[in-house]
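>
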Amino acid sequence: MKWRFALLVALVLLLALARLSVGPHLDGAGAMHFGVAMPTAETLPFRANAVAGAAVVGLLLGLAGLALQALLRNPLASPYTLGVSSGASFGVACVLAIAATTGISTQALGGEFGGAVFGAALSLVLVWMLAKRATGRDGVALALAGIVLGGVMSSGAMLLEQIVPRGLRGDLLAWMAGRIPELPDPSALVALWILGVLALIVLWKAAHLLDLLMLDDDEAAAAGVRLASTRAGLFIIGGLLAAAAVSFAGPIGFVGLVAPHTARLFIGHRHRLLVPSTALCGVIVVLSADLLRQGLDVGTGRLPVGVITALAGGPFFLWLLSRSRRGGSEWNL
Amino acid sequence: MEPLITFSRVCMHFSTRSVITNALADIDASFARGSTTAIVGANASGKSTMLRIAAGVLAPSTGRVESSAVHSALKRAFVPQRGSCAADFSVEELVSLGTSTRCAEQARVECALDAVGLASRRAVRYHSLSGGEQQRVRVARAIAQIASPNGSVLLLDEPFSSLDPAEVARLVRALRVFAQEGGSVILSLHDAGLAREVAHDAIALRMGRVIAHGRAHEVLSPAILSEVYAHEMLEASTTARWLRPTL
Chain A
1 MKWRFALLVA LVLLLALARL SVGPHLDGAG AMHFGVAMPT AETLPFRANA VAGAAVVGLL
61 LGLAGLALQA LLRNPLASPY TLGVSSGASF GVACVLAIAA TTGISTQALG GEFGGAVFGA
121 ALSLVLVWML AKRATGRDGV ALALAGIVLG GVMSSGAMLL EQIVPRGLRG DLLAWMAGRI
181 PELPDPSALV ALWILGVLAL IVLWKAAHLL DLLMLDDDEA AAAGVRLAST RAGLFIIGGL
241 LAAAAVSFAG PIGFVGLVAP HTARLFIGHR HRLLVPSTAL CGVIVVLSAD LLRQGLDVGT
301 GRLPVGVITA LAGGPFFLWL LSRSRRGGSE WNL
Chain B
1001 MEPLITFSRV CMHFSTRSVI TNALADIDAS FARGSTTAIV GANASGKSTM LRIAAGVLAP
1061 STGRVESSAV HSALKRAFVP QRGSCAADFS VEELVSLGTS TRCAEQARVE CALDAVGLAS
1121 RRAVRYHSLS GGEQQRVRVA RAIAQIASPN GSVLLLDEPF SSLDPAEVAR LVRALRVFAQ
1181 EGGSVILSLH DAGLAREVAH DAIALRMGRV IAHGRAHEVL SPAILSEVYA HEMLEASTTA
1241 RWLRPTL
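Taken in order, these protein sequences are the chains called A and B. The opening residue of the first sequence carries number 1 in this note's numbering; numbering runs sequentially from there. The opening residue of the second sequence carries number 1001 in this note's numbering; numbering runs sequentially from there.
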């Protein structure tokens, strides 16, 4: 098992090095090109930011997916399928629209991060309540409620795009497609890394509780798990991590679903290894998508990273759903 | 013998918007160290509710539950009737949940696997096991959770329901060892004859009330069982008769 974990670490390093070697660069005549080119003093900071940004977004989304799956004992849970990512987008769009129409500064409204946290929490609570009312947190009901609510939230965000000034609208649209900023606010990047590493430590320390949470509620409680406080903690961690990732990079879909399941495939189901492996798989997914987009130009520039993760993650989700409907063990991929 | 758990005038009500269900009413009972107690009763008589309260996962509506098996997972373990596991652990992984990698705890896992006869199936995934094997895995996990039987309580809700007779005999032996080492076993059973073979003491419940509480051979008499099940009981058990030579 340890060599598999080492393989994941090696893959992360390899992808990071590859991403540093690929990206926009200028030729002797000053024309912009995309593709493989060794980093120069001018391009290295941008590429290093992209690596750091993609890695932290993957880390946050992967761990958010794992926390939400443990919270709901449901393999279909993820920030994207539960509408959390769309809710966070809606929250950010709300902040920007209110700021644009009232003249209040975005900081006074809690900033993009505050809006994302509010929207993510709102979505999570609504999905939970809707699914519980329907069938008592049944897996498919949860996923359906999340997809429907996610659609509504996305539509709400698109509606709000019409309110913001024309100059801001393009930025908002690009942000909603999901992108890894190559020139991020350094303090935001550092804050996200601190949050991601703290969440990794907390979840790793709670690995035995997450294992026991997979049991029947009564068995878990009798084995010493404080169900209410543990679930509240997972709810906060899942929502906060997803909101942080969305506020930084926009709604990048399916990472929170693909990363935990890929990690289970490599490492197994015990959370002591699954937690760090999920973080690594999240990093691998987003770094791979960001690397891939460097070579994919459909005539309008590089594709947004969220488009690539959605194109790859959508079929993965459908495959998972079909396994679940057939009554197989959807946790064991 | 010193009681490990004592119920004093315990009542349990479950309420919805329009209906209040009295699951247990004025239950007085005690469970001694080194004993095995069977709780028998018809469906919905309150057996599972009583076990859940004893396990500490449900708080009684009124009354008091005192336990010298302190509120520690190392002293008290519970296996519900229809348990589940959301993750597809291997048998060994599931039995070792909640234990550390220390040698003493791993030895407990080995003993528990041996006790339920699943040591050779340790690498098999939980979801590919039969219903009876899953039941045994969950009992093994509960046994492994407890640090030492002495002064501990093992609560099992219908533990034999999915088992074949040979596995019933194996599990009964494991429970006897647990009780002999100073633990207390409390289990709910439908099969009164099997309860008489397995348990020292018995509690007969009817509609949430204790009809009889005492030595198993006295409580599980045809007269009391007829009252418990509201049906004339002539023959105690088929399973116990099959198993008697091995028990």
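Note that the Cβ used here is the ideal one computed from N, Cα and C, for glycine as well. Fair warning: this is a prediction, and the values are worked out from it, not measured in the lab.
Hey, A:A259 and A:T278 are a contact pair by Cβ (cut 8 Å); roughly how many whole angstroms apart?
Reading the first sequence from its first residue, position 259 is the one you call residue 259 of chain A. Reading the first sequence from its first residue, position 278 is the one you call residue 278 of chain A. Contact holds; Cβ gap of about 5 Å.
> Which of helix, strand or coil does DSSP assign to A:N74?
Walking along the first sequence from the start, residue 74 of chain A turns up at place 74. Reduced to three states, the DSSP call for A:N74 is coil.
> Could you spell out where the beta strand (DSSP E) holding B:M1012 opens and where it closes?
By one-based count along the second sequence, residue 1012 of chain B stands at place 12. Start and end: P1003 to S1015.
> Out of curiosity, what's the CA-to-CA distance linking B:I1211 and A:G256?
Taking the second sequence and counting its residues from 1, the one referred to as residue 1211 of chain B is at position 211. Taking the first sequence and counting its residues from 1, the one referred to as residue 256 of chain A is at position 256. Roughly 54 Å separates the two Cα atoms.
> Between the region 216-233 of chain A and chain E, which residues of the former have a C-beta closer than 7 Å to a C-beta of the latter?
Although the question refers to chain E, the structure presented lacks it and instead comprises the protein chains A and B.
> Tell me where the alpha helix (DSSP H) around B:S1048 begins and ends.
Numbered from 1 along the second sequence, position 48 holds the residue referred to as residue 1048 of chain B. Element bounds for B:S1048: K1047 to A1055.
> Determine the direct distance from the alpha carbon of A:A77 to that of B:L1187, and round the result to whole angstroms.
Counting from one through the second sequence, the residue named residue 1187 of chain B turns up at place 187. Counting from one through the first sequence, the residue named residue 77 of chain A turns up at place 77. Roughly 36 Å between the two C-alpha positions.
> For A:I180, collect the residues of the same chain with a Cβ closer than 6 Å to its Cβ; drop the 5 residues on either side in sequence, then sort them by chain order.
As a working note, residue 180 of chain A is residue 180 in the first sequence. The answer, listed in chain order, is A50, G53, A54, A249, D290 and V305.
> Answer with yes or no whether the minimum CB distance from B:F1078 to chain A is below 8 Å.
Walking along the second sequence from the start, residue 1078 of chain B turns up at place 78. So, interface residue.
> How big is the Cα-Cα spacing for B:A1077 and B:R1209?
The count along the second sequence starts at 1 and reaches residue 1077 of chain B at position 77. The count along the second sequence starts at 1 and reaches residue 1209 of chain B at position 209. Their Cα atoms are separated by approximately 25 Å.
> Quick one: which residues of the region 1140-1158 of chain B get their C-beta closer than 7 Å to a C-beta of chain A? List them in chain order.
So the list reads Q1145, given in the order they occur along the chain.
> Could you pull the DSSP bridge partners for B:T1021 from this structure?
The sequence position of residue 1021 of chain B within the second sequence is 21, counting from 1. For B:T1021, which the question treats as bridged, DSSP gives the partners B:F1014.
> With C-beta atoms as the reference, is B:F1007 less than 8 Å away from B:A1042?
Walking along the second sequence from the start, residue 1007 of chain B turns up at place 7. Walking along the second sequence from the start, residue 1042 of chain B turns up at place 42. Cβ distance not < 8 Å, so B:F1007 and B:A1042 don't count as in contact.
> Between A:L44 and A:L20, what straight-line distance do the alpha-carbon atoms span, to the nearest angstrom?
One-based indexing of the first sequence puts residue 44 of chain A at position 44. One-based indexing of the first sequence puts residue 20 of chain A at position 20. Cα to Cα, A:L44 sits roughly 7 Å from A:L20.
> Throw me the rounded Cβ distance for the B:I1203 and B:H1213 pair, which I believe falls under 8 Å.
Numbered from 1 along the second sequence, position 203 holds the residue referred to as residue 1203 of chain B. Numbered from 1 along the second sequence, position 213 holds the residue referred to as residue 1213 of chain B. 5 Å between Cβ atoms; contact.
> Helix, strand or coil for A:L189? Go by DSSP, reduced to three states.
Position 189 of the first sequence, counted from the start, is the residue given in the question as residue 189 of chain A. DSSP places A:L189 in helix when its eight states are reduced to three.
> Please report how far the alpha carbon of A:L333 lies from the alpha carbon of B:E1181, in whole angstroms.
Stepping through the first sequence from its first residue, residue 333 of chain A is reached at position 333. Stepping through the second sequence from its first residue, residue 1181 of chain B is reached at position 181. At A:L333 the pLDDT is 45, less than 50, meaning the model places this residue with poor confidence; the figure from the coordinates comes in the next sentence. Each residue's alpha carbon lies about 42 Å from the other.
> From the beta carbon of B:D1191, is the nearest beta carbon of chain A less than 8 Å away?
Numbered from 1 along the second sequence, position 191 holds the residue referred to as residue 1191 of chain B. For B:D1191, the answer is no, since every Cβ of chain A falls outside 8 Å of its Cβ.
> Using three-state DSSP, classify B:G1034 as helix, strand or coil.
Indexing the second sequence from 1 puts residue 1034 of chain B at position 34. The answer is coil: DSSP assigns B:G1034 none of H, G, I, E or B.
> Once DSSP output is grouped into helix, strand and coil, what is the label at A:G178?
Taking the first sequence and counting its residues from 1, the one referred to as residue 178 of chain A is at position 178. Note: A:G178 maps to coil in three-state DSSP.
> Keeping to the same chain, check which residues put their C-beta closer than 8 Å to that of A:V12; ignore five residues upstream and five downstream.
The count along the first sequence starts at 1 and reaches residue 12 of chain A at position 12. Same-chain partners within the cutoff: A55, L280, V283, I284 and L287.
> For the beta strand (DSSP E) containing A:H269, list its first residue and its last residue.
Against the first sequence, residue 269 of chain A aligns to sequence position 269. Looking at the DSSP string, A:H269 is not in any beta strand (DSSP E), and its letter there is neither H nor E.
> Using a Cβ-Cβ cut-off of less than 9 Å, list which residues of the region 73-86 of chain A approach chain B; keep chain order.
Listed in sequence order: R73, N74 and P75.
> What do you get for B:C1103, buried or exposed, if any count of 16 or more other CB atoms within 10 angstroms of its CB means buried?
Sequence index remark: in the second sequence, residue 1103 of chain B carries index 103 (1-based). Classification for B:C1103: exposed.
> To the nearest angstrom, how far is the alpha carbon of B:I1146 from that of B:K1075?
Position 146 of the second sequence, counted from the start, is the residue given in the question as residue 1146 of chain B. Position 75 of the second sequence, counted from the start, is the residue given in the question as residue 1075 of chain B. Near 5 Å, if we compare the C-alpha coordinates of B:K1075 and B:I1146.
> Starting from B:T1062, trace the beta strand (DSSP E) in both directions and tell me its first and last residue.
Here residue 1062 of chain B corresponds to residue number 62 of the second sequence, with the count starting at 1. Start and end: T1062 to S1067.
> Go through its chain and collect everything with a Cβ distance to B:L1129's Cβ below 8 Å, but skip five positions before and after it.
The residue you call residue 1129 of chain B lines up with position 129 of the second sequence. Excluding residues within five positions, the ones whose Cβ falls inside 8 Å are V1091, R1121 and V1137.
> Between B:G1046 and chain A, is the shortest Cβ-Cβ distance under 8 Å, so that the two count as touching?
The residue labelled residue 1046 of chain B in the question sits at position 46 within the second sequence. Output row for B:G1046: interface = no.
> Give the C-beta separation of A:L71 and A:R231 to the nearest angstrom, bearing in mind that I take them to be a contact with Cβ-Cβ under 8 Å.
Counting from 1 along the first sequence, the entry for residue 71 of chain A is found at position 71. Counting from 1 along the first sequence, the entry for residue 231 of chain A is found at position 231. Indeed, because the Cβ distance is near 6 Å, the residues count as touching under 8 Å.
> Our contact map puts A:L212 next to B:L1097 with C-beta atoms below 8 Å; I'd like the distance itself, whole angstroms only.
Along the first sequence, one-based indexing puts residue 212 of chain A at 212. Along the second sequence, one-based indexing puts residue 1097 of chain B at 97. A:L212 to B:L1097, Cβ: 6 Å. Contact.
> Give the residues of chain B in contact with A:D211, contact being defined as C-beta atoms less than 7 Å apart.
Here residue 211 of chain A corresponds to residue number 211 of the first sequence, with the count starting at 1. In chain order: L1097.
> Assign A:F235 to one of three DSSP states: helix, strand, or coil.
Position 235 of the first sequence, counted from the start, is the residue given in the question as residue 235 of chain A. If DSSP states are grouped into helix, strand and coil, A:F235 belongs with the helices.
> Are B:V1153 and B:V1139 close, meaning C-beta to C-beta below 8 Å?
As a working note, residue 1153 of chain B is residue 153 in the second sequence. As a working note, residue 1139 of chain B is residue 139 in the second sequence. No, the pair does not count as a contact, with Cβ atoms beyond the cut-off.
> Check the DSSP bridge columns for B:L1155 and list the partner residues they point to.
Locating residue 1155 of chain B in the second sequence gives position 155, counting from the first residue. Note: B:L1155 sits in a beta bridge opposite B:F1078 and B:I1186.
> Are the C-beta atoms of B:S1184 and some chain A residue less than 8 Å apart?
For the purposes of this step, residue 1184 of chain B is taken as residue 184 along the second sequence, with counting starting at 1. No, because no Cβ of chain A sits closer than 8 Å to the Cβ of B:S1184.
> Excluding the 5 residues flanking A:G87 on each side, which residues of the same chain have their C-beta closer than 7 Å to its C-beta?
Along the first sequence, read from residue 1 onward, the residue named residue 87 of chain A stands at position 87. The answer, listed in chain order, is G119, A120, L122, S123 and M153.
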